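Line order of the protein sequences matches chains R and L.
So the first sequence is numbered by our numbering: it starts at 1 and just counts up by one.
So the second sequence is numbered by our numbering: it starts at 1 and just counts up by one.
Just below is one structure, and these are the notes that go with it.
Protein chains: 2
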Amino acid sequence: MTLKMAVLPTSNLYLDNALESAGAAVVSLDDAQALIWTGSDQTGFPHELPKNIEWVQLKSAGIRPWITSGRIDSYRKWTSAVGAYSDDVAEHAVALLLGSLRQLPLHARASTWLKADTWDTVRSLRGRKVAIVGAGSIGRAMIPLLNSHGARVIAVNRSGHDVEGAETTAASGDLEEVLTAADDAVLSGASTDETHHLIGATQLAALGSDPLDGAPGVLVNIARGDLVDTDALTHALQSGTISGAGLDVFDPEPLPSGHPLWTMDNVLITPHIANPKQRMLKNFADFVVKNLCLFEAGRKLKAEIDLNRSY
Amino acid sequence: MTLKMAVLPTSNLYLDNALESAGAAVVSLDDAQALIWTGSDQTGFPHELPKNIEWVQLKSAGIRPWITSGRIDSYRKWTSAVGAYSDDVAEHAVALLLGSLRQLPLHARASTWLKADTWDTVRSLRGRKVAIVGAGSIGRAMIPLLNSHGARVIAVNRSGHDVEGAETTAASGDLEEVLTAADDAVLSGASTDETHHLIGATQLAALGSDPLDGAPGVLVNIARGDLVDTDALTHALQSGTISGAGLDVFDPEPLPSGHPLWTMDNVLITPHIANPKQRMLKNFADFVVKNLCLFEAGRKLKAEIDLNRSY
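See below:
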C-alpha cells in the first residue's frame, strides 16, 4: 500500500526525499489520506479540508494559535511536531548558558587581551545547579546535556511529578524557592496566560548565586519572549541583580534596534535561531516519516493533539 | 600522623582550607615532607631542596619547561597537576565549538535583528564528526560531552590505540585523513617539537565539510598557540577555507592588538581563560588532597612525572 500525502503550501528537498524513501506518494489534497502542512502559521491553510484527509501533520511544535483559532477539528487526527526540534533547541540553550558563564559577549566584542580583567570572573558550568523552568520536551532534552557538563538540574513543571535525570522536581507554584536554590535558570516553558511575565523583578532577585564567588546567576530564555518582563530583565542586568543573560527570544520580538540589551556586555543575544533552518527542515522530514510509518501501521501517532489538554 | 607540607611561594584560601580539612600541617621547607609549589612557573623555586622533601607537587598540568630545565631530580617524587583542570578546559572547548557553530561572535557584535541573515547558516553540533587532535586528559574529558551533544568523535593520539568513547581512533601520522573525514577539529595536544605548527594551510584545507550544507568546518584550539600556523589560519578564515574558529590560545600570545583575527566575525576569541582562576584554585586544592591521601597511604600518586617519557 502506498500512502497518499498532500504537502502544502510548499515542499522542500528534505521532505521530498524522505517521503520518497518511505514509499509515500505526493498527491493533491482531494486524493490524499493525509496533509503535511509545512507553513509556520495558518496563513493559506485550506478553509475546509476534504473528508478524505484522515490526518494533518503540522510543522510547529507550539500549536496554541491553532487551538485558539478553532481550526483543529475532531473529525480527523492532528499532530504537532512537538519533540522534533527539541534536541537542537536544547543545544542552543546550553550554548547560551556556557556562553554567558564564559563571558563570550564581552570577549567577542574585545579587540585587546582581556585576561587580566576576565580570568577571575569567568565561570564554569560544572557544579552549578540549573533550574529548568518548564520541563517539557525541550527542557527534558537539556537534562542529559547539563548532567554531562557536571551541572545538577532542578526541573520545574506544573505537577511537580519527578522528571527523569533531574536531581529534584518542583511544581511551578514553588518557582521562587527554586530560583533561590538554583544558580542559574533556563526558561523552556510554553507561552500561556499563566506564564505571561512569569519572570519579573521578584523572580530575578531570587535567582541564586555562584557556588565559588557568590556572584549572581544567569538567565537563559529559549522559550518565548513574553515569559519575561523585558523591562525588569534589562534593569536586573544593568544593576547586577543577575550576572548575565542568554536570550534567543524577546518581547517585543524582533528586539528593536536601539534597545539597551543590544549593547550590554553581560547579554548574549541570538535572533530566534535556536532551531536552525536546515536542521529544522531535516528534523521535520524525519519526524514526518516516523509518523507516516505509525499511521500506516494503524498505531498511535507521535504528538497527537488532544483538544482537551493542549497548550 | 600529621603530614607536614610546605606551600610555596604563596598559598590561598582554597588550599589552606583543603589542607586543614585533610589534617595536614603547613610548615617551613626544612621541616616538611612534601612541597606544594603553587607558582605557575619556576620563578623563585628553591635552588636546592632539602633532603626531607620526599615529594613535590607542581601546579601546572604541562611540565615541559620543568623537564627541559633539568629541575626535576630522581631523588624524590614529583607530580604534575595533569588531569586536575581537564574538565573545565574541555567545557571551554565545547563552548567555543558551539559558539562557532551558532555564530556567536557575529551575533554578539550585532545591534540589529540578523535572523534573515543567520537562521539559514547557523549550525548544530548534533550529527557532526569532531576530530580530537591529542587525546590526552583534556581531549578524553571532551568525549562524553561531545557524545551527549550527539556528535561523534575521531580521537587522534600518537599510537592510534583505541580511546574510550571515540567512534574511531587514529594515529597522529594519519592526521590529514582524519581532518578530511571529520567535520570539525579540536586541538588538545601538548606543545612539543613534533606538534609545532601541526596545523598549517594543508591541514586547514583538509578539514571536512558540513553534513547538511557542505560548508567547511570549525577549528578550536584550547591547547597551545604554536600548534597552529597563525598566518595560515588567518588566511583560511579570511578565504572561507574553514568556516570559523574558536581560539583560547595564540602564537604569539597575547594576540597583539590590531591583529586581523580580533575583528573577524567568524572568529571567537577568549584570552587563555579556559581554566578559570577560581575553578583552578579549587580544582588544584582538591587534587592536592587526593594526592596527599595517596602519599600518606604509601600508594602511587596521581600524575607522577616519569622523566623517561614525560612531555
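Every residue, glycine too, gets a C-beta built ideally from N, C-alpha and C.
Note that this is a predicted model, so its numbers are computed, not measured.
Pick from the options that is closest to residue i, judged by C-alpha positions
i: residue 210 of chain L; options: L:229, L:180 and L:220; result: L:180
i: residue 117 of chain R; options: R:124, R:153 and R:107; result: R:107
i: residue 119 of chain L; options: L:130, L:104 and L:131; result: L:104
i: residue 182 of chain R; options: R:203, R:72 and R:94; result: R:203
i: residue 305 of chain L; options: L:28, L:64, L:31 and L:85; result: L:64
i: residue 22 of chain L; options: L:81, L:270 and L:2; result: L:2
i: residue 250 of chain R; options: R:38, R:43 and R:191; result: R:191
i: residue 275 of chain R; options: R:93, R:246, R:98 and R:215; result: R:93
i: residue 230 of chain L; options: L:115, L:246 and L:148; result: L:246
i: residue 114 of chain R; options: L:264, L:248 and L:283; result: L:248
i: residue 110 of chain R; options: R:263, R:272, R:289 and R:281; result: R:263
i: residue 308 of chain L; options: L:48, L:72 and L:166; result: L:72
i: residue 252 of chain R; options: R:241, R:242 and R:228; result: R:228
i: residue 270 of chain R; options: L:102, L:53 and L:269; result: L:102
i: residue 138 of chain R; options: R:256, R:81 and R:124; result: R:81
i: residue 90 of chain L; options: R:62, R:67 and R:149; result: R:149
Amino acids of chain R, ordered along the chain, whose beta-carbon sits closer than 7 angstroms to that of residue i
i: residue 111 of chain L; result: 257, 262 and 263
i: residue 125 of chain L; result: 91
i: residue 88 of chain L; result: 124 and 126
i: residue 73 of chain L; result: Result: empty, since nearest Cβ-Cβ is about 32 angstroms, beyond 7 angstroms.
i: residue 105 of chain L; result: 108
Straight-line Cα distance separating residue j from residue i
i: residue 122 of chain R; j: residue 223 of chain R; result: 26 angstroms
i: residue 60 of chain L; j: residue 296 of chain L; result: 22 angstroms
i: residue 233 of chain R; j: residue 196 of chain R; result: 14 angstroms
i: residue 7 of chain L; j: residue 51 of chain L; result: 16 angstroms
i: residue 298 of chain R; j: residue 174 of chain L; result: 50 angstroms
i: residue 267 of chain R; j: residue 277 of chain L; result: 22 angstroms
i: residue 168 of chain L; j: residue 162 of chain L; result: 7 angstroms
i: residue 301 of chain R; j: residue 189 of chain R; result: 23 angstroms
i: residue 36 of chain L; j: residue 220 of chain L; result: 33 angstroms
i: residue 128 of chain L; j: residue 9 of chain L; result: 45 angstroms
i: residue 4 of chain R; j: residue 294 of chain R; result: 14 angstroms
i: residue 171 of chain L; j: residue 159 of chain L; result: 5 angstroms
i: residue 140 of chain R; j: residue 164 of chain R; result: 8 angstroms
i: residue 17 of chain L; j: residue 213 of chain R; result: 15 angstroms
i: residue 280 of chain L; j: residue 261 of chain R; result: 31 angstroms
i: residue 69 of chain R; j: residue 287 of chain R; result: 25 angstroms
i: residue 303 of chain L; j: residue 151 of chain R; result: 26 angstroms
i: residue 42 of chain L; j: residue 56 of chain L; result: 13 angstroms
i: residue 215 of chain L; j: residue 243 of chain L; result: 7 angstroms
i: residue 207 of chain L; j: residue 45 of chain R; result: 44 angstroms
i: residue 145 of chain R; j: residue 74 of chain L; result: 44 angstroms
i: residue 76 of chain L; j: residue 58 of chain L; result: 13 angstroms
i: residue 193 of chain R; j: residue 166 of chain R; result: 26 angstroms
i: residue 236 of chain R; j: residue 201 of chain R; result: 7 angstroms
i: residue 85 of chain R; j: residue 283 of chain R; result: 6 angstroms
i: residue 311 of chain R; j: residue 130 of chain L; result: Since pLDDT at residue 311 of chain R reaches only 48, below the 50 mark, its modelled position is unreliable, and the value read off the structure follows with that caveat. Going from the Cα of residue 311 of chain R to the Cα of residue 130 of chain L covers about 38 angstroms.
i: residue 290 of chain L; j: residue 132 of chain R; result: 33 angstroms
i: residue 67 of chain L; j: residue 39 of chain L; result: 16 angstroms
i: residue 185 of chain L; j: residue 218 of chain L; result: 7 angstroms
i: residue 176 of chain L; j: residue 153 of chain L; result: 16 angstroms
Per-residue contacts from residue i into chain L (C-beta, under 9 angstroms)
i: residue 102 of chain R; result: 91, 92, 95, 96, 99, 270, 273, 274 and 276
i: residue 144 of chain R; result: 148
i: residue 10 of chain R; result: None at all; the shortest Cβ gap to chain L is about 16 angstroms.
Cross-chain neighbours of residue i in chain L, by beta carbon under 7 angstroms
i: residue 122 of chain R; result: 273 and 276
Residues that DSSP places opposite residue i in a beta bridge
i: residue 246 of chain R; result: R:220 and R:268
i: residue 57 of chain R; result: R:36 and R:79
i: residue 184 of chain L; result: L:130
i: residue 154 of chain L; result: L:131 and L:168
i: residue 5 of chain L; result: L:26 and L:34
i: residue 316 of chain R; result: The requested residue 316 of chain R is not part of the displayed model; chain R covers only 1 to 311.
i: residue 209 of chain L; result: L:216
i: residue 63 of chain R; result: Looking at the DSSP assignment, residue 63 of chain R forms no beta bridge with any residue, so it has no partner.
i: residue 228 of chain L; result: L:199
Contacts that residue i makes with chain L (C-beta to C-beta distance below 8 angstroms)
i: residue 115 of chain R; result: 254, 271, 272 and 273
i: residue 212 of chain R; result: 278, 279 and 282
i: residue 55 of chain R; result: What residue 55 of chain R touches in chain L: nothing, since even the nearest Cβ is about 28 angstroms away.
Contact set between residue i and chain R, taken where Cβ atoms lie within less than 8 angstroms
i: residue 38 of chain L; result: Under the 8 angstroms cutoff, chain R gives no residues; its nearest Cβ is about 16 angstroms from residue 38 of chain L.
i: residue 78 of chain L; result: By Cβ distance, chain R contributes nothing, its closest Cβ being about 27 angstroms from residue 78 of chain L, past 8 angstroms.
beta-carbon residue i near the ligand COA non-hydrogen atom, thresh 7 angstroms
i: residue 106 of chain R; result: Among the components modelled here there is no ligand, and therefore nothing to report on the ligand COA.
Short-range partners of chain R found in the region 260-285 of chain L, where Cβ spacing is below 7 angstroms: Only 262, 263, 268, 269, 270, 271, 272, 273, 276, 277, 278, 279 and 282 from the region 260-285 of chain L bring a Cβ to less than 7 angstroms from some Cβ of chain R.
Interfacial residues, the region 146-169 of chain L to chain R, with Cβ spacing under 7 angstroms: So the close ones are 148, 149 and 150.
Chain-ordered residues of the region 204-235 of chain L with a beta carbon less than 9 angstroms from chain R: Answer set for the region 204-235 of chain L: 210, 212 and 213.
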